[in-house]
Amino acid sequence: MLGVNRIRTTPYHPQSNGAVERWHRSLKTALSTRLSHGSWVEELPTVLLGLRAAGRSDSGVSAAELTFGRNLRLPGDIYDNSSNNCNVNDYCLVDKIRDTIRSYKPTSDNSRNCQSFLCTKTYVTVNMSLFGTIQYVNL
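Here it is in structure tokens:
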């Protein structure tokens, strides 16, 4: 009905929703690349603009193009390449963009460096005093 396909996922189990997890992985990688010189709150709008304007490999269109029906106008589209009327401010902007791009650090997409959130051992201490309590300690 109305051309809507409903997809069910397990509540509180994000691993079962692969599309969202892939988006989060892309967002995390892009943010970690930009975080060499600022806070993530300041870098988030730029990262989101880049991810939303980037074309998808399977369909060839971007998320913004699917939403708005046309490509986004990015900051690089403001300048008309056909005119050769470049002033000093344009060169300063290009130099600033180049310096910013050079300051990015490469990130590794190695998930083996992550700490495990699972407890490997559970120690049980039994206190058989007046009330006979058992205490579980996860390490």
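Using UniProt numbering, you'd call the opening residue of the sequence shown number 1 and step up by one each time. Virtual Cβ for every residue (Gly too), placed ideally from N, Cα, C.
{"Item": "Can you tell me which of the three DSSP states serine 16 falls into?", "Value": "helix"}
{"Item": "Using the C-alpha atoms, what's the distance from alanine 30 back to arginine 98?", "Value": "18 angstroms"}
{"Item": "I think arginine 34 touches valine 47, with their Cβ atoms under 8 angstroms apart; what is that distance to the nearest whole Å?", "Value": "6 angstroms"}
{"Item": "Give me the Cα-Cα distance between glycine 3 and arginine 73, rounded to the nearest whole angstrom.", "Value": "29 angstroms"}
{"Item": "My output table needs one value for serine 62: the three-state DSSP class, helix, strand or coil.", "Value": "strand"}
{"Item": "Report yes if the C-beta distance between serine 62 and glycine 55 is below 9 angstroms; otherwise report no.", "Value": "yes"}
{"Item": "Does DSSP classify glycine 69 as helix, strand or coil?", "Value": "coil"}
{"Item": "As a quick exercise: from Ser103, Ile7, Ser36, Gly50, pick the residue whose alpha carbon is nearest that of alanine 64.", "Value": "Gly50"}
{"Item": "Could you give the distance in angstroms between the alpha-carbon of isoleucine 78 and the alpha-carbon of alanine 53?", "Value": "15 angstroms"}
{"Item": "DSSP three-state label for glycine 55, please.", "Value": "strand"}
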